[in-house]
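Encoded as structure tokens, the structure appears first; notes follow it.
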Amino acid sequence: MAAYTIDSVVELTKDLIAKQSLTPEDAGCQELTGRILADAGFSLETVSKDGTVNLLALHGSGAPFTLFLGHTDVVPPGPAEHWTYPPFAGTVAAQDGEELLYGRGSADMKGSDAAMTLALAAFVQAHPEHQGTVGLLLTSNEEGDGRGGVQDVAALLKERALIPDYCLVGEPSAAQTLGDTVKIGRRGSLTAHITVIGKQGHVAYPERLINPVHQAASLIARLAAPLDQGNDSFPPTSFEVTNIKAGTGAENVVPESCYFMCNWRYNNLQSPESIERFINAAIAELKLNCRVQLKVNGLPFLSAQGALLEAVLTAIAESRPEIKPQLSTSGGTSDGRFIAPLGTQVLEFGPCASTIHQIDERVQVKDLKLLPKLYLRVLELLQL
Ligand SMILES: [Zn+2]
Numbered sequence: 027m028a029a030y031t032i033d034s035v036v037e038l039t040k041d042l043i044a045k046q047s048l049t050p051e052d053a054g055c056q057e058l059t060g061r062i063l064a065d066a067g068f069s070l071e072t073v074s075k076d077g078t079v080n081l082l083a084l085h086g087s088g089a090p091f092t093l094f095l096g097h098t099d100v101v102p103p104g105p106a107e108h109w110t111y112p113p114f115a116g117t118v119a120a121q122d123g124e125e126l127l128y129g130r131g132s133a134d135m136k137g138s139d140a141a142m143t144l145a146l147a148a149f150v151q152a153h154p155e156h157q158g159t160v161g162l163l164l165t166s167n168e169e170g171d172g173r174g175g176v177q178d179v180a181a182l183l184k185e186r187a188l189i190p191d192y193c194l195v196g197e198p199s200a201a202q203t204l205g206d207t208v209k210i211g212r213r214g215s216l217t218a219h220i221t222v223i224g225k226q227g228h229v230a231y232p233e234r235l236i237n238p239v240h241q242a243a244s245l246i247a248r249l250a251a252p253l254d255q256g257n258d259s260f261p262p263t264s265f266e267v268t269n270i271k272a273g274t275g276a277e278n279v280v281p282e283s284c285y286f287m288c289n290w291r292y293n294n295l296q297s298p299e300s301i302e303r304f305i306n307a308a309i310a311e312l313k314l315n316c317r318v319q320l321k322v323n324g325l326p327f328l329s330a331q332g333a334l335l336e337a338v339l340t341a342i343a344e345s346r347p348e349i350k351p352q353l354s355t356s357g358g359t360s361d362g363r364f365i366a367p368l369g370t371q372v373l374e375f376g377p378c379a380s381t382i383h384q385i386d387e388r389v390q391v392k393d394l395k396l397l398p399k400l401y402l403r404v405l406e407l408l409q410l
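Position one of the sequence shown corresponds to residue 27 (the numbering used here), numbered consecutively onward.
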């Protein structure tokens with residue numbers, strides 16, 4: 027195996043892109059990163075469950091415990107012929123004088139996986155007697171349903187009382203360039219499946235039927251009302267209907283029921299309980315007959331201050347003093363939501379997210395080259 031150093035992040039990212047790890051496959055990515063960490067002295071553990079593989083690599087003992095978190099799976103590339111360069115080739119090409127690395131997973135998030143691996147290896151090689159514990163957790167099921175993934179490993183960590191003080195998630199967080207955005211939290215996500223039950227009948231006899239589609243429309247209008255205005259850390263809670271179904275297929279029949287699915291991305295002013303009360307109040311006011319099923323996908327979390335955030339901001343300021351990082355809680359959920367409930371400070375900090383999941387996904391080579399150095403600096407600030 028070629029010896030990777032902190033300066034070979036582009037090569038390691040390319041080698042990871044070449045492994046076609048469509049979620050929930052890992053396709054050997056963890057074996058490659060694991061070998062680099064094992065060579066540096068880390069102890070490795072693989073946790074496999076429900077077709078998902080997770081690598082936990084640890085070095086040292088006790089506190090503070092800094093855990094880097096990532097995923098090796100990627101979303102499908104879509105039609106390969108629509109890509110400018112083959113999706114699993116890992117091609118570096120210049121555009122407007124800027125070098126870009128193309129490939130599925132280049133930004134989300136094999137570039138960060140490579141950077142975290144090389145930063146950890148370099149840190150331990152330079153400081154074998156560092157304070158506390160440093161580690162990497164990689165899962166192969168972040169883009170899919172998450173089964174057997176970080177949630178299970180978090181339970182295992184809790185069982186062993188191995189609670190990270192700090193968790194840095196390498197997910198792409200930047201808007202345009204590395205350092206411009208640090209995600210300090212995430213909104214919660216709650217999905218509701220709601221069936222409004224009316225009374226089926228002939229459209230010509232409205233007095234003999236109860237139209238559940240009309241009722242669902244009224245209910246949706248109520249639910250779409252703003253729940254809050256947000257606060258300093260979070261935008262307002264948002265509501266979207268994602269699916270609606272009704273009808274027998276006949277032109278002259280009002281159906282018996284109308285089903286819709288909807289989702290709240292909610293801030294820390296709300297909770298699953300407060301949203302449930304809101305739904306029930308709307309149903310009661312409208313005097314509807316409904317079946318409601320709720321699914322909590324994630325609770326909101328916020329790490330608006332603390333040593334991890336200070337370390338990340340210091341590392342950015344030292345390398346890119348011209349940048350004023352935005353502290354953000356926008357975007358979808360990430361695996362950080364499974365670590366935060368352990369009491370861990372969780373931040374997301376990685377490269378530009380603008381092309382993730384798209385055709386021609388790419389990452390700026392200058393950002394990618396800087397990334398392991400920033401991660402290394404964070405480790406130095408927290409563990410020395
Ligand atoms: Zn990702």
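By construction, the Cβ of each residue, glycine as well, lies at the ideal position given by its N, Cα and C atoms.
- Taking every protein chain shown into account, the CB of histidine 228 has fewer than 16 other CB atoms within 10 angstroms, so this residue is exposed.
- Threonine 72 has its alpha-carbon roughly 24 Å from the corresponding atom of histidine 156.
- Between alanine 341 and arginine 403, the C-beta gap is smaller than 9 Å, which places the two residues in contact.
- Assigned with DSSP and collapsed to three states, glycine 86 falls in strand.
- Between aspartate 206 and proline 351, the CB-CB gap stays under 9 Å.
- Note on tyrosine 192: 16 or more other CB atoms within 10 angstroms of its CB, so buried under the neighbour-count rule.
- Counting other Cβ atoms within 10 Å of its Cβ, lysine 136 reaches 16 or more and is therefore classed as buried.
- Per DSSP, the unbroken alpha helix (DSSP H) holding arginine 403 starts and ends at 391–409.
- Beta bridge pairing from DSSP links isoleucine 236 with Lys225.
- Here the C-alpha atom of arginine 248 lies approximately 34 Å from the C-alpha atom of serine 380.
- For ligand 1, no non-hydrogen atom lies closer than 8 Å to the CB of aspartate 122.
- Note on the stretch 288–343: whole beta strand (DSSP E) runs with a minimum of 3 residues are 316–324, in chain order.
- Shown here for lysine 75: same chain residues with a beta carbon closer than 7 Å to its own, the five before and five after excluded, namely Gly174, Asp178 in chain order.
- Remark: the C-beta of methionine 135 is in contact range of ligand 1, defined as less than 8 Å to any heavy atom.
- At the C-beta level, threonine 49 and glutamate 233 stay beyond 9 Å of one another.
- Cβ-Cβ distances below 7 Å link threonine 359 to Arg212, Ser215, Asn323, Gly324 in the same chain, with the five nearest sequence neighbours on each side left out; the list follows chain order.
- At least one heavy atom of ligand 1 sits closer than 8 Å to the Cβ of proline 198.
- For isoleucine 365, the three-state secondary structure derived from DSSP is helix.
- When secondary structure is reduced to three states using DSSP, threonine 143 falls in the helix class.
- Of the heavy atoms belonging to ligand 1, none sits nearer than 8 Å to the Cβ of histidine 219.
- Annotation for glycine 60: the continuous alpha helix (DSSP H) segment containing it runs 55–65.
- Setting aside the 5 residues that flank it on each side, serine 329 is surrounded in the same chain by Ile210, Gly211, Leu335, Ala366, Gln371, Val372, Leu373, each with a C-beta closer than 8 Å to its C-beta; the list follows chain order.
- In this structure histidine 97 does not touch valine 160 by the C-beta definition: roughly 19 Å separates them, more than the 8 Å allowed.
- Looking at the DSSP output, threonine 359 bridges to nothing.
- Looking at the backbone, the Cα of glycine 376 and that of alanine 308 are separated by about 41 Å.
- An exposed status is given to aspartate 171, since fewer than 16 other beta-carbon atoms sit within 10 Å of its beta-carbon.
- Annotation for glutamine 371: the continuous beta strand (DSSP E) segment containing it runs 371–374.
- Taking the Cβ of serine 360 as the reference point, at least one heavy atom of ligand 1 falls within a distance shorter than 8 Å.
- Within its own chain, the residues whose Cβ lies closer than 6 Å to the Cβ of proline 190, once the five positions on either side in sequence are excluded, are Phe91, Leu93, Thr370, listed in chain order.
- Non-local beta-carbon contacts of glycine 88 in its own chain, meaning distances under 6 Å to residues more than five positions away in sequence, involve Gly158 in chain order.
- Closer than 8 Å to some heavy atom of ligand 1: that describes the Cβ of glutamate 169.
- Ranked by Cα distance from proline 326, the first of Leu295, Ala343, Leu245, Glu311 is Leu295.
- Secondary structure at glutamine 121: strand, using DSSP grouped into helix, strand and coil.
- For glutamate 37, no beta strand (DSSP E) run applies; the uninterrupted alpha helix (DSSP H) run containing it begins and ends at 35–43, by DSSP.
- Cβ-Cβ distances below 6 Å link serine 354 to Thr207, Lys209 in the same chain, with the five nearest sequence neighbours on each side left out; the list follows chain order.
- In this structure, isoleucine 382 has its CB closer than 8 Å to one or more heavy atoms of ligand 1.
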